[in-house]
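Below is one structure; the comments refer to it alone.
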Amino acid sequence: MTITAAPCVNDGCLMVRGKVVLTHVPTNIILSPGISGAAFLGSTSPISTSRHVFTLGILEGYKHLCLYRFKIWWMIPGYGKSGSEIPLETQLLLLEIKEESIVEDDDSSGPPTPTTFYVLFLPVLDGDFRTSLQGTPANELQFCAESGDANVQNSQILEPVFISSGDNPFELIKNSIKILEKHKGTFRHIENKKIPAHLDWFGWCTWDAFYTEVNPQDIKEGLQSFSDGGCSPRYLIIDDGWQDTVNEFHKEGEPLIEGTQFATRLVDIKENSKFKSLESEAGCNNLHEFISMIKGKYGLKYVYVWHALTGYWGGVLPSSETMKKYNPKIVYPIQSPGNIGNLRDIIPDSLEKYGVGIIDPQKIFDFYNDLHSYLSSNGIDGVKVDAQNLIETLGSGFGGRVSLTRRYQQALEQSTSRNFKDNNLICCMSHNSDSIYSWKTSAVARASEDFMPREPTFQTLHIASVAFNSLLLGEIVVPDWDMFHSKHDTAEFHGIARAIGGCAVYVSDKPGNHDFEILRKLVLPDGSVLRAKHAGRPTRDCLFRDPVMDGKSLLKIWNLNKLSGVVGVFNCQGAGSWPLKQTIKDMPSTPLVISGNVSPCDVEFIEDVAGENWNGDFAVYAFNSGSLSRLPMNGNIKVTLATLKCETFTISPIRVLGEGVHFAPIGLLDMYNSGGAVESIDENMKNSSELIKIKVRGCGRFGAYTSLKPRSCMVDMEEEEFIYNSENGLLTLDLTGDCNFRDIEFIY
Numbered sequence: 170m171t172i173t174a175a176p177c178v179n180d181g182c183l184m185v186r187g188k189v190v191l192t193h194v195p196t197n198i199i200l201s202p203g204i205s206g207a208a209f210l211g212s213t214s215p216i217s218t219s220r221h222v223f224t225l226g227i228l229e230g231y232k233h234l235c236l237y238r239f240k241i242w243w244m245i246p247g248y249g250k251s252g253s254e255i256p257l258e259t260q261l262l263l264l265e266i267k268e269e270s271i272v273e274d275d276d277s278s279g280p281p282t283p284t285t286f287y288v289l290f291l292p293v294l295d296g297d298f299r300t301s302l303q304g305t306p307a308n309e310l311q312f313c314a315e316s317g318d319a320n321v322q323n324s325q326i327l328e329p330v331f332i333s334s335g336d337n338p339f340e341l342i343k344n345s346i347k348i349l350e351k352h353k354g355t356f357r358h359i360e361n362k363k364i365p366a367h368l369d370w371f372g373w374c375t376w377d378a379f380y381t382e383v384n385p386q387d388i389k390e391g392l393q394s395f396s397d398g399g400c401s402p403r404y405l406i407i408d409d410g411w412q413d414t415v416n417e418f419h420k421e422g423e424p425l426i427e428g429t430q431f432a433t434r435l436v437d438i439k440e441n442s443k444f445k446s447l448e449s450e451a452g453c454n455n456l457h458e459f460i461s462m463i464k465g466k467y468g469l470k471y472v473y474v475w476h477a478l479t480g481y482w483g484g485v486l487p488s489s490e491t492m493k494k495y496n497p498k499i500v501y502p503i504q505s506p507g508n509i510g511n512l513r514d515i516i517p518d519s520l521e522k523y524g525v526g527i528i529d530p531q532k533i534f535d536f537y538n539d540l541h542s543y544l545s546s547n548g549i550d551g552v553k554v555d556a557q558n559l560i561e562t563l564g565s566g567f568g569g570r571v572s573l574t575r576r577y578q579q580a581l582e583q584s585t586s587r588n589f590k591d592n593n594l595i596c597c598m599s600h601n602s603d604s605i606y607s608w609k610t611s612a613v614a615r616a617s618e619d620f621m622p623r624e625p626t627f628q629t630l631h632i633a634s635v636a637f638n639s640l641l642l643g644e645i646v647v648p649d650w651d652m653f654h655s656k657h658d659t660a661e662f663h664g665i666a667r668a669i670g671g672c673a674v675y676v677s678d679k680p681g682n683h684d685f686e687i688l689r690k691l692v693l694p695d696g697s698v699l700r701a702k703h704a705g706r707p708t709r710d711c712l713f714r715d716p717v718m719d720g721k722s723l724l725k726i727w728n729l730n731k732l733s734g735v736v737g738v739f740n741c742q743g744a745g746s747w748p749l750k751q752t753i754k755d756m757p758s759t760p761l762v763i764s765g766n767v768s769p770c771d772v773e774f775i776e777d778v779a780g781e782n783w784n785g786d787f788a789v790y791a792f793n794s795g796s797l798s799r800l801p802m803n804g805n806i807k808v809t810l811a812t813l814k815c816e817t818f819t820i821s822p823i824r825v826l827g828e829g830v831h832f833a834p835i836g837l838l839d840m841y842n843s844g845g846a847v848e849s850i851d852e853n854m855k856n857s858s859e860l861i862k863i864k865v866r867g868c869g870r871f872g873a874y875t876s877l878k879p880r881s882c883m884v885d886m887e888e889e890e891f892i893y894n895s896e897n898g899l900l901t902l903d904l905t906g907d908c909n910f911r912d913i914e915f916i917y
């Protein structure tokens, strides 16, 4: 039998690389070959309808990872070995398949060695229909295709489920998204987008500090508090609470009716009274003066404000004189069975009763453009746009959920591109494929449910869900890990995650409630951060293990810097339970201590940054313990962590330079992502001496591994003292002064 990589259906079985992936494939399933060995699975029905559920076949016997929406807004990971363990609203399914390698040499002896490959299912958009995967108790794998409008129907759907395979799961997902980008033409890969500049600077968001009570004086006090501690944010997000809104269902003096708060509607595109005629203590008279003042006084480079995709949670007020020109009307959400089949959410449930003031899709660009141009004229640099998935429930009468989502997303992207520099848009509450596969320019999106400082059992779930969700989201946007509190029991846990996440680093501290020791491990004195190159994702050996509830697995997250790799290790066990899973009734009274191994091979593609003089070994520096080890690619270090504890490892390829000097730059040893400070390395000979030149960004304690002690060290052409530990090869020196780029030379 000829074994091919391309999927095919033979005798009722879906085959990939000669392995049976699905059995009992129905005859109405259509496989359409794609490019690069991929394919689409589709189906036909005898009836035309707006919602189809088709069975693809029986799935059994393979470990799988899925990303599914547990509620309308957000995805989380799920794990299992059969179709029955695949939840409703699954938007990515990855299978791990073991096979025996084929012996090509007739003279070879011994048993075949097992190898692993991966099969990826991506339910996507097909015309006006959106697709998700789901399982049944009989281990059937099904796909659900729905338009969200009873008048938008079909009887066949030919390209709803993309299937591909590969030896590297990260390359597989990346290449699949790139194939879909070209084939579908409705979105772009992250490599083809402009990345907002705020990501490289420390930020502050007002949400958890003030919630909707935010006002100019609070903001000023918060910025002053950071300044007093010597760690000023360079971008600010003024979250919900600045807009002019009304709750028609709440009578003054009467208690609030639960749920009506989400029916609050936008009255005007301009700010509310808190931000107008500002009191003299705030030092200005209007929004423009306030933004100008805080930028000038506190060194802010960017100020963003929040709004919902529909304007506000309950949309806009149709009777408002300002809003009438956008032809708004009240419509009532219709939730799909997938939305209500997992975990219901109070916001759409409430709006089913109270309605949403939705703007005419023909006028939605005008609304965004008016809003954003007004904000821009007042010094605002960008927007965080929330509650995006609500649009999927409003498609009836507008051509369906996919069509309406795309019109709103296109209008939003066009307006932000027109009114703000640097593509300054953050998408939020947007984990449906309708949005994900409609993002052509959107380059940043929140990657999980909110950081919730008052919910101790949510902290580990937050870290794990972002890491796994980034497998998909990280190919289309820069995942935003959300704000956190620097002064919190889990501050280091969250801080290290963001340091290696390749994401924005921002907090939501209340004024005076900071841990500057934590912040200084994340933020350089000039307010910049050492952001890694990619989205932080689970290491390959973690992909099919539950790091929250299996009681034995650590979560490892990998990333790359310009010249090194980084791995963060987290113990997420024993501190929470996934939604829709049986809750751990008896949480351990003492931390659950778990051991695991960290290896250079945990960092995918590390050879790409190793350089031509790499000898195959690595210097591995542990941040918290301060230990330095030398390891081969497949070597490992044991790490033992209690619940909610973590460690980060900088993994730097060792280069053989000149006269046998083995050298590897580590970076700034007191920063969580030490290697993010190293920009370049070079070598040359001068007067019979070997010179190693390193360009570093930042200041503080710099470290490197070297097999020999240098004769001298120069920093910006001036000789500098250093300390050398001959036992482990660690060289350290202090970089004093400002945070500009520094040129370091080691002379041997």
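With the working numbering applied, the sequence shown corresponds to residues 170 to 917, in that order. Quick reminder that beta carbons are idealized off the backbone N, C-alpha and C, glycines included.
Local Cβ density within 10 Å of residue i, reported as buried at 16 or more and exposed below that
| i | result |
| --- | --- |
| Arg880 | exposed |
| Leu425 | exposed |
| Cys374 | buried |
| Tyr577 | buried |
| Asp715 | buried |
| Pro176 | buried |
| Ser449 | Because Ser449 sits at a pLDDT of 48, beneath the cut-off of 50, its placement in the model cannot be relied upon, and the point is left open. |
| Asp295 | buried |
| Glu914 | buried |
| Asp180 | exposed |
| Ser217 | exposed |
| Pro256 | buried |
| Tyr473 | buried |
| Tyr917 | buried |
| Glu661 | buried |
| Glu490 | exposed |
| Ala666 | buried |
| Glu273 | Here Glu273 scores only 45 on pLDDT, less than 50, and its place in the model is too uncertain to base an answer on. |
CA-to-CA distance, residue j to residue i, given in whole angstroms
| i | j | result |
| --- | --- | --- |
| Pro680 | Val415 | 28 Å |
| Asp535 | Tyr495 | 7 Å |
| Lys731 | Phe444 | 43 Å |
| Ile632 | Arg623 | 16 Å |
| Phe312 | Cys182 | 17 Å |
| Phe891 | Leu640 | 41 Å |
| Ile332 | Ser584 | 35 Å |
| Pro402 | Asp377 | 16 Å |
| Leu904 | Ala208 | 54 Å |
| Asn362 | Leu837 | It should be noted that the sequence gives Lys, not Asn, for residue 362. Approximately 30 Å between the Cα atoms of the pair. |
| Ile271 | Trp243 | Summary for Ile271: the model assigns pLDDT 47, below 50, so the residue's position carries little reliability; its value from the coordinates is reported in the next sentence. Roughly 42 Å between the two C-alpha positions. |
| Asp276 | Thr284 | Legend: pLDDT at Asp276 = 46, less than 50; position of this residue unreliable, value from coordinates given subsequently. Distance between the alpha carbons of Asp276 and Thr284: 20 Å. |
| Leu810 | Arg700 | 25 Å |
| Lys188 | Ala788 | 40 Å |
| Glu382 | His600 | 28 Å |
| Cys235 | Arg434 | 36 Å |
| Asp678 | Tyr471 | 18 Å |
| Gly643 | Asn856 | 48 Å |
Three-way DSSP call (helix, strand, coil) for residue i in this model
| i | result |
| --- | --- |
| Asp912 | strand |
| Thr224 | strand |
| Leu257 | coil |
| Val571 | helix |
| Pro680 | coil |
| Ala314 | strand |
| Gly745 | coil |
| Pro202 | strand |
(request) Report the residue ranges of all beta strand (DSSP E) runs contained in full by the region 599 to 635; include only those spanning at least 3 residues, in chain order. (result) 613 to 615
(request) Specify whether the region 251 to 269 and the region 287 to 297 touch according to this definition: at least 3 beta carbon pairs, one from each stretch, less than 8 Å apart. (result) yes
(request) Only counting runs of 4 or more residues, tell me where the alpha helix (DSSP H) segments fall wholly within the region 496 to 562, in order along the chain. (result) 506 to 510, 515 to 523 and 533 to 546
(message) At 3 residues or longer, what runs of the beta strand (DSSP E) sit wholly inside the region 339 to 385?
(response) 371 to 374
(request) Please go through the region 684 to 716 and give each complete alpha helix (DSSP H) segment of 4 or more residues, from N-terminal end onward. (result) 685 to 688
(message) Could you tell me which whole alpha helix (DSSP H) segments of length 4 or greater appear in the region 427 to 500?
(response) 456 to 467
(request) For the region 314 to 328 and the region 219 to 230, state whether three or more C-beta atom pairs, one from each stretch, are separated by less than 8 Å. (result) yes
(request) Assess, as a yes-or-no matter, whether the region 567 to 581 is touched by the region 378 to 392 under the definition of 3 or more beta carbon pairs within less than 8 Å. (result) no
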